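*Asks:* According to mature numbering (1 follows the signal peptide of the UniProt record, and there is no 0), the stretch in the sequence shown is residues -19 to -1, 1 to 159, in order.
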Amino acid sequence: MFKKLIFIAILFIGVNSFAQEVDFGVQAGYTNVKVAASSMGVEVSENASGFYVGFLTDFELNENWHIQPSVNYFNAEETDFLSIPVMLQYYIENSGFYLQAGPQGTIVLEDDPSTNAFGLDAAFGAGYHINENFFIEARYGFELTNRYSKDIQDQADQYDVDLDSGVNTLMIGVGYKF
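(1) Alpha carbon to alpha carbon, what distance is there between Asp92 and Glu58?
(2) By Cβ distance below 6 Å, which residues in the same chain neighbour Val88 in space, the five residues on each side in sequence not counted?
(3) Enumerate in chain order the residues of its own chain whose CB-to-CB distance from Gly35 is below 6 Å, with the five nearest sequence positions on each side excluded.
(4) I think Phe105 touches Val155, with their Cβ atoms under 8 Å apart; what is that distance to the nearest whole Å?
(5) Under a three-way DSSP split, which group does Met68 fall into?
(6) If distances are taken between C-alpha atoms only, which option among Thr150, Arg128 and Tyr157 comes closest to Ser19?
(7) How about Arg120 and Pro66: do their beta carbons lie closer than 8 Å?
(8) Going by C-alpha to C-alpha distance, which of Gly31, Gly86, Tyr79 and Val16 sits closest to residue 181?
(9) Span of the beta strand (DSSP E) holding Gln85?
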């Protein structure tokens, strides 16, 4: 975990050296979490809704390109998560609209020995700046990693069974940049 924090700190310092302007902000909204598991062609999934709140940093590289890392706490039903996206944003000229894509780490804060707490997602979305400070956005994160622990996967491999589990997220919310 310490190595991940050092990597994030170095990333912030590196991006900050290229940024023309840096803004900080807060965001909050609705989240929907889909937990899916599959084995031998059969998939079982469950959806849960909740809320998210978080902090962001916006590094303006130029007028059209921004990098926006953030840390969001979210809760769906009775499960707590952290989401750490690093989004590359492209602002469409003179419109207020932007498109975004990038990696997103999702951490389950509940202890479950059969699953991995950390997952890596490919996230993408769009947003709109209402004015200089307020914005709305929607982002979907599609998990790329398998949430089952190595022990569970090793046991399934003994019986030639392929197990896969993931957590996909949808976040729709508002934000304010200071």
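Even for Gly, the Cβ is constructed at its ideal location relative to N, Cα and C. Since the structure is predicted, the reported quantities are computational estimates derived from the model, not experimental observations.
*Replies:* This is what the structure holds:
(1) By one-based count along the sequence shown, residue 58 stands at place 77. By one-based count along the sequence shown, residue 92 stands at place 111. Taking the straight line joining both Cα atoms gives about 16 Å.
(2) Locating residue 88 in the sequence shown gives position 107, where the first residue counts as 1. Reading off the sequence shown, one finds Ile at residue 88, where the question assumed Val. Leu63, Ala98 and Phe99, listed in sequence order.
(3) For the purposes of this step, residue 35 is taken as residue 54 along the sequence shown, with counting starting at 1. Gln8, Ser51, Val52 and Asn53.
(4) By 1-based counting over the sequence shown, the position of residue 105 is 124. By 1-based counting over the sequence shown, the position of residue 155 is 174. Incorrect: roughly 19 Å between the Cβ atoms, too far for contact.
(5) Residue 68 sits at position 87 when you count from the first residue of the sequence shown. Looking at Met68 - three-state DSSP - the assignment turns out to be strand.
(6) The count along the sequence shown starts at 1 and reaches residue 19 at position 38. Checked all of Thr150, Arg128 and Tyr157; the closest Cα to Ser19 is Arg128.
(7) As a first step, residue 120 must be located in the sequence shown, where it is residue number 139. As a first step, residue 66 must be located in the sequence shown, where it is residue number 85. Cβ atoms of Arg120 and Pro66: closer than 8 Å.
(8) The structure shown does not extend to residue 181, since the chain is modelled only from -19 through 159, so no value can be given for it.
(9) On the sequence shown, residue 85 is found 104 positions in, with the first residue counted as 1. Looking at the DSSP string, the run of the beta strand (DSSP E) that includes Gln85 is Phe78 to Val89.
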